[in-house]
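A.B. asks: Take this structure, written in structure tokens, and hold onto it; I'll ask about it next.
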Amino acid sequence: MAATGRDAQSAVADREIVICRVISAPRELVFEAFTEVRHLSQWWGPEGFSTTTRAFEFRVGGEWDFVMHGPDGTDYQEWICWTEIAPPDRIVLLHGEFRGDPNAFESVLTFAPDDAATRIEMRTVFRTKELRDEAVEKYHAIEGGQQTLSNLAAYVGEIVRKGVQD
Numbered sequence: 072m073a074a075t076g077r078d079a080q081s082a083v084a085d086r087e088i089v090i091c092r093v094i095s096a097p098r099e100l101v102f103e104a105f106t107e108v109r110h111l112s113q114w115w116g117p118e119g120f121s122t123t124t125r126a127f128e129f130r131v132g133g134e135w136d137f138v139m140h141g142p143d144g145t146d147y148q149e150w151i152c153w154t155e156i157a158p159p160d161r162i163v164l165l166h167g168e169f170r171g172d173p174n175a176f177e178s179v180l181t182f183a184p185d186d187a188a189t190r191i192e193m194r195t196v197f198r199t200k201e202l203r204d205e206a207v208e209k210y211h212a213i214e215g216g217q218q219t220l221s222n223l224a225a226y227v228g229e230i231v232r233k234g235v236q237d
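Quick note on numbering: the sequence shown equals residues 72 to 237 in my numbering.
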């Protein structure tokens, strides 16, 4: 019998990371910031990181092949495949180091209106507890995710401010 509701949640709790943030920008704009490389290259990644895109196609089955450049000069090969896109509510993606990565993880991003702001939730589930723990301990995934959403908030906040000034 398949797990449902609370049982399903507890079945993955030790394999997941959940990061939430309320962003002072309309949901459509926050969602759009995930859909175009011109936006992603401005905010994606933790503090001090930059991103170089090698290929980008935002559609179900489409891929984003990119390199994250760390502040210490380390390059991180990254690959994302979008598995579900429901504008402006939800994006589901598979994220690994390369296509076919056996350690790739799934992230579900939800975008909910919160008055004039947007509540974004990033729920990431790893294949094993050990992979989740490695991401947290070795790669600082929780802090990195929080910093990434902070970068997103600053980026779309600036777009909103410029729009008000225009």
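Cβ coordinates follow ideal geometry from the N, Cα and C atoms, glycine included.
Leaving out five residues before and five after Ile174 in sequence, what residues of the same chain have Cβ atoms less than 7 Å from its Cβ?
C.D. replies: The sequence as given places Asn at residue 174; Ile does not occur at that position. Correct list, in chain order: Gly167, Arg198, Leu202.
A.B. asks: If you draw a straight line from the C-alpha of Ile162 to the C-alpha of Leu180, how long is it?
C.D. replies: If you take the alpha carbons of Ile162 and Leu180, they lie about 5 Å apart.
A.B. asks: To the nearest angstrom, report how far apart Lys233 and Tyr226 are at their CA atoms.
C.D. replies: Between Lys233 and Tyr226, the C-alpha separation is close to 11 Å.
A.B. asks: Leaving out five residues on either side along the sequence, give the residues of the same chain with a beta carbon under 6 Å from the beta carbon of Leu164.
C.D. replies: Here the set comprises Ile151, Trp153, Ser178.
A.B. asks: Assuming Gly228 contacts Ser95 (C-beta within less than 8 Å), just tell me the rounded distance between them.
C.D. replies: Indeed, because the Cβ distance is near 6 Å, the residues count as touching under 8 Å.
A.B. asks: For Phe197, report the span of its beta strand (DSSP E) as first-last.
C.D. replies: No beta strand (DSSP E) holds Phe197; DSSP gives it neither H nor E.
A.B. asks: Can you tell me the Cα-Cα spacing of Gly144 and Trp114, whole angstroms?
C.D. replies: One C-alpha to the other measures close to 18 Å.
A.B. asks: On the CB-based measure, 16 or more other CB atoms within 10 Å of its CB, does Arg125 come out buried or exposed?
C.D. replies: With fewer than 16 Cβ atoms within 10 Å of its Cβ, Arg125 is classed as exposed.
A.B. asks: Count the other CB atoms within 10 Å of the CB of Arg98; is the residue buried (16 or more) or exposed (fewer)?
C.D. replies: The residue in question, Arg98, is buried, as its Cβ has 16 or more Cβ neighbours within 10 Å.
A.B. asks: Output the distance between the C-alpha atoms of Gly76 and Phe176, rounded to the nearest integer angstrom.
C.D. replies: Low confidence applies here, because Gly76 scores a pLDDT of 49, under 50, leaving its location unreliable and the question unanswered by this model.
A.B. asks: Check whether the Cβ atoms of Val88 and Ala224 lie closer than 8 Å to each other.
C.D. replies: In the sequence under discussion, the amino acid at residue 88 is Ile, which differs from the Val named in the question. For Ile88 and Ala224, no; Cβs fall outside 8 Å.
A.B. asks: Where Asp160 and Phe105 are concerned, what is the direct C-alpha to C-alpha distance, given to the nearest angstrom?
C.D. replies: Approximately 12 Å, taken between the alpha carbons.
A.B. asks: Please state the DSSP three-state secondary structure of Glu238.
C.D. replies: What the structure shows of the chain is the stretch from 72 to 237, and residue 238 is not part of that stretch, so it cannot be assessed.
A.B. asks: On a Cα-Cα basis, can you pick out the residue from Ser121, Ala183, Glu149 that is closest to Gly141?
C.D. replies: Of Ser121, Ala183, Glu149, the residue nearest in Cα terms is Ser121.
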